[in-house]
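Asker: Got a structure here, written out as structure tokens. Questions coming.
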Amino acid sequence: MAFEESVYYGVWKIVECVSLAGVVETTGIEGTEFRLDENGDVTWRVSEDAEPMLFFSCETYEITPETGSGSSRDSALLKFIGTYAGHVIEFKAEVTDDLMLLTYEKCCMLQCQKISSNEPTGDLPYTYVSALEQGFFSDLSIKAESGKEFLVHSVILRMSLPEMDWLSNPPPLTGLPEEVLQTMLHYLYCECLPPGLTETTAKACVKTLGKVQGFAQFSHLCETFLKNTMLKQQIQTLISEMHNCFDRIIELFSGRANLNNPESPISTEANIWNNPAKLCYTVRQGLKEAAIASAKLLLLCDLFSKRKCELSRQERHEIMKQAKSRMPVFLKQLHKFLVVLKQHSQTLTAHQRYDFASYLVPEIEVILDTVSRFAVETKVALEQVISSSNAEQSHNEHSDRHEKGEKSKRGNIGEVLGRTLKNALHMRELKKLKKFHDKTTASFVELMNRKEDFSIMTEGDKVRAISKYLEQLIDELPVTVLRLEELIGALEQKVPWTEWKYLFKMATSKISWGLSKVQSNRASLQPLIDEVCDIVRSDQFSAAVATLGLRNIAAENSQEGGACSDGGRAGKSRMYPLNPVESLCVSPFPKDSKMAGRALDLFRKREGSDMVFEIVSTGEGGDIVIDHTGDKPVTTVEEGVIEVDHIPCHRVIVASRCDWFRRALLSGMRESIDKKIVVHDIQPHVFRLFLEALYSGQLDTSSLTTEHLVDMMTLCDRYEMDSLKISCEHALKHHVDEDTALYLLSLADQLGCTSLQDYVLIYIANHPQLVHSDVYEDLPDKLKEDVEDAIAWKGLESERCREPSRGMDVTPSSVSSMSELEDLVGNIEVADRTQPAQELSSSVSSEDLQLMGNEELLHSCLAALRDVVGDAVPEEELVRVALAADYDVNRAVNFFFLSS
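Residue 53 is where the sequence shown starts when you use the working numbering, and the numbers rise one by one after that.
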């Protein structure tokens, strides 16, 4: 069986934890649910008293086939990727039917039960917004302070807020400000805030709620909206301030050039490029602005990483989309800056460059001394941090050994798993710090060597060396500008939304992790931080550093809504799952809606009904005949007994939940006059289930037979209930067998259920003997052609699988690119586009091509690549990429653009 990532999609529940010795123990995380979706996102639903685990804070996951000795074709590696510090917590995953076993090395196994698949369920937000907006079948009016009347429905208001007397005179909420009343009614009908809600209205709602009882959840939504709006505004302000910093840098270096037209002639009067002293001062000011922009970026990353749990999914995505939309703007600012540098620097003569070099010699000597001292302090501080982390690790291990013999009330497996994960992540942190220390040490040694080499030069040699270096920089500017222009043009293609979302979360989390390490070792790093602030000498920079909690604790604590600098509080927030709310302005799905449950109770109790469904059915062998010749249709039966059932309902609910019924009840025809809809050709209990699903917004398909599901799907098609129709369609996939396949294929074709039709075709392709049945002969010619095509395609795939594939197993391209890009791209060497064609042709010979594997697959991949990248790329380069990607076009495209 080949690796299929799709079997992991869906909602899973942790049902038990088993030690490696096979003992089942209670850990406190049982009942935890997590959803793996096809976009690489994981969402957790954890009870408040659950044992906290590090992977509960992960919001990204990745699935890759397990490789190496001892791995089976059915197993995979499930990696929960932490958006804090970029930690990766890796489990071995094995899926059998609806069970998944997650094994953490040398610790325990988590048994998970799939409680829902990731297939489309057709669920729509549960709302009665159409009844509020159109006011049909209204039985109540509420007047606002302005005099405007809102037509409402007592049955819906009682479902939303049953503890309030809505039939009193005057009704509740009368006399409220119009905007407040409209917002509150929207909440009562939709269980969410209205789109386009303003801060002013939200504040007015919170203020008004002190006079109204029963709106605690609404008040919480408004307060959350205000808090999240403030957070988004803070992030937007930080982005604007970074743009302003870059604009000031461009202005500093532009001199008297026209900023709107960088190619315009330059005035030599008071031009900083003619004065070395002014140019050096400008560089210092530009570096100061760059430092301020960097501090703002750190603030943004820390703010988002530590407070994203407070945002809804939609709000987090809005921030990430805004950041993505600003990237081209930042790149264009950088491009404008480089153009200014190129424009001015290319006007410098050799004599001017020599004068600049002469002026820069003492400046560079001071810079080298400062950087050397800074490097020494950084090295010492890092050694102290590593020593402190080692001491912390030793203390934790001692505590673990001390507590190991004591049995926890919840069982020790959960504690062991938690300690194991913490120790593993702590060791990774130590490795990161040591690796950074090694790089810093190497850079320090190189810096000291360069400083020594520079110091032993004569004054003339120093000037000539700096002049030559300036000349090299000026020569490289045009190439840098061209490459940046290419990057700006290809940004959208190279970084689609899915990858950008991953990169943004990973980048912000790593930066936040680095800041948390600095915060936790502030005593050791304080001299270093103070020296940086002294070098920059900017109030904005110092304020940003204080907000980050790196300096001036009093200022840090006074920052309202700034980045969370309380290590304990931040640490605690990371132990909880992300907010599962999709959006404050989107109604909940039926399973999460209180109104949906109350509507179902209302239907079953038959209270306050104002219409009826009349179900006309016949006994066995009977046929219904309807005579329309008279003023009123007359229903009779031939050779059977008529059975009539009446199901009372509520017009406003039925009309709000089903467009077909709304048109019938508002048409002015007999259905609207009699307040009765007659239904034929359906079993009463099936139609009752249909109405229950209409009221509650969801349908339990697990208990329905194939016949009932078919009847239900036919009803949904008749009355245009597409959401329930999709649920039935996907439920019927589990009922496909040799007896039902051909019948369901015909039904799916009649009702336009393409998903079910494709699924049945695959089943028939795997069971070709079905074409010899009598049912197959009754199928339309079009369906027969589809079946024959599916069987033929299955045969081609089977033949391809039997072909040799260069002596190795072929794995599908569904393997996520995010984990393999660094490794695989590092293992291939795509030829540089600037390499001469002769070298390219010599690097790949025709004899090599004959040994490269299946030529048909290669040519197919090359043709697809050529359609994407164009005709300018050499053939040999595409061959290299295709081979590295095992002929998979998607992976090949990724490799090509990354390597380019």
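Note that the Cβ used here is the ideal one computed from N, Cα and C, for glycine as well. Remember, it's a predicted structure, so these values are computed and weren't measured experimentally.
1) Are the beta-carbon atoms belonging to residue 596 and residue 348 less than 8 Å from one another?
2) So residue 393 and residue 536 are in contact, right, with Cβ under 8 Å, and what is the actual spacing, rounded?
3) Taking the straight line between their C-alpha atoms, what separation do you get for residue 271 and residue 342?
4) Per DSSP, residue 732 forms a beta bridge with which residues?
5) Since I believe residue 406 is in contact with residue 531 (beta carbons under 8 Å), could you give me their beta-carbon distance rounded to a whole number of angstroms?
6) Report the option in 491, 373 and 395 whose CA atom is closest to the CA atom of residue 427.
7) Here's the rule: buried if 16 or more other CB atoms are within 10 angstroms of the residue's CB, otherwise exposed. What is residue 780?
8) Buried or exposed for residue 252, please, with buried defined as at least 16 other CB atoms from any protein chain shown within 10 angstroms of its CB.
9) Exposed or buried, residue 114, counting other C-beta atoms within 10 Å across all chains shown (16 or more means buried)?
10) Look up residue 205 in the DSSP assignment and say whether it is helix, strand or coil.
11) Using 8 Å as the threshold, is the segment 193-204 in touch with the segment 223-240, meaning 3 or more CB pairs across them?
12) Going by DSSP, which residues form a beta bridge with residue 77?
13) Taking the alpha carbon of residue 85 as the reference point, which residue from 68, 198 and 807 has its own alpha carbon closest?
14) Roughly how many whole angstroms lie between the Cα atoms of residue 523 and residue 540?
15) Our contact map puts residue 694 next to residue 668 with C-beta atoms below 8 Å; I'd like the distance itself, whole angstroms only.
16) May I ask which residues mark the beginning and end of the beta strand (DSSP E) holding residue 152?
17) Using DSSP's beta-bridge definition, name the partner residues of residue 113.
18) In this structure, how does DSSP classify residue 398 when only helix, strand and coil are distinguished?
19) Considering just the uninterrupted stretch of the beta strand (DSSP E) at residue 256, what are its terminal residues?
20) Given that a residue counts as buried once 16 or more other Cβ atoms are within 10 Å of its Cβ, and exposed if not, what is residue 308?
21) Quick check on this structure: which residue in 118, 87, 128 and 116 has the alpha carbon closest to the alpha carbon of residue 108?
22) Buried or exposed for residue 131, please, with buried defined as at least 16 other CB atoms from any protein chain shown within 10 angstroms of its CB.
23) Answer with buried or exposed for residue 750, where buried requires no fewer than 16 other C-beta atoms within 10 angstroms of its C-beta.
24) Taking only runs that begin and end inside the segment 359-439, name each unbroken alpha helix (DSSP H) of 4 or more residues, in chain order.
25) By Cβ distance below 8 Å, which residues in the same chain neighbour residue 99 in space, the five residues on each side in sequence not counted?
26) Tell me where the alpha helix (DSSP H) around residue 556 begins and ends.
27) Quick one: Cα of residue 184 to Cα of residue 241, how far?
28) Decide if residue 565 is buried, meaning its Cβ has at least 16 other Cβ atoms within 10 Å, or exposed.
29) Could you tell me the distance, in whole angstroms, from the CA atom of residue 847 to the CA atom of residue 567?
30) Since residue 382 and residue 488 should fall inside the 8 Å C-beta cutoff, what is the C-beta to C-beta distance between them, to a whole number of angstroms?
31) Using CA atoms only, rank isn't needed, just tell me which of 835, 746, 164 and 742 is closest to residue 756.
32) Going straight from the alpha carbon of residue 891 to that of residue 146, what length do you get?
33) For the segment 693-711 and the segment 152-171, state whether three or more C-beta atom pairs, one from each stretch, are separated by less than 8 Å.
34) Quick one: Cα of residue 361 to Cα of residue 110, how far?
35) With a threshold of 16 other CB atoms inside 10 Å of the CB of residue 280, please say whether the residue is buried or exposed.
36) Touch check for the segment 418-435 and the segment 576-584: three-plus C-beta pairs under 8 Å?
Answerer: Well, looking at it:
1) With contacts defined as CB atoms closer than 8 Å, residue 596 and residue 348 qualify as a contacting pair.
2) Not confirmed; about 12 Å, so no contact.
3) Counting only the Cα atoms, residue 342 lies some 42 Å from residue 271.
4) BP columns for residue 732 point to 668.
5) The C-beta distance from residue 531 to residue 406 rounds to 24 Å, too long to fall under 8 Å, and the pair is not in contact.
6) It is 491.
7) Label assigned to residue 780: buried.
8) Classified as exposed, residue 252 has fewer than 16 neighbouring CB atoms from the shown chains inside 10 Å of its CB.
9) So residue 114 counts as buried.
10) Residue 205: coil per DSSP, three-state reduction.
11) Yes, the segment 193-204 touches the segment 223-240.
12) Paired residue(s): 69.
13) The residue with the shortest Cα to Cα distance from residue 85 is 68.
14) Those two C-alpha atoms are separated by around 26 Å.
15) Right, the Cβ-Cβ distance comes to about 7 Å (below 8 Å), so this counts as a contact.
16) Start and end: 151-156.
17) Partner(s): 132.
18) Three-state result, residue 398: coil.
19) Per DSSP, residue 256 belongs to no beta strand (DSSP E); it is in the alpha helix (DSSP H), 251-260.
20) Only weak support exists for where residue 308 lies, its pLDDT of 48 falling under 50; the value from the coordinates is given anyway. The residue in question, residue 308, is exposed, as its Cβ has fewer than 16 Cβ neighbours within 10 Å.
21) The shortest C-alpha separation from residue 108 is found at 87.
22) Answer is buried; the Cβ neighbour count reaches 16.
23) When all chains shown are included, residue 750 counts as buried.
24) For the segment 359-439, whole alpha helix (DSSP H) runs of length 4 or above, ordered along the chain, are 365-397.
25) The residues are 83 and 84.
26) For residue 556, the enclosing alpha helix (DSSP H) begins and ends at 549-572.
27) For the pair residue 184 and residue 241, the Cα-to-Cα distance works out to about 7 Å.
28) Buried, by the Cβ-count rule.
29) Cα to Cα, residue 847 sits roughly 57 Å from residue 567.
30) That belief does not hold up - the Cβ atoms of residue 382 and residue 488 are roughly 26 Å apart, past 8 Å.
31) Nearest C-alpha to residue 756: 742.
32) A caution first: residue 891 carries a pLDDT of 40, below 50, which makes its placement in the model unreliable, though a value can still be read off. Taking the straight line from one Cα to the other gives about 47 Å.
33) No: the two stretches stay apart, fewer than three of their Cβ pairs being nearer than 8 Å.
34) Approximately 11 Å between the Cα atoms of the pair.
35) Flag for residue 280 reads buried.
36) A contact exists between the segment 418-435 and the segment 576-584.
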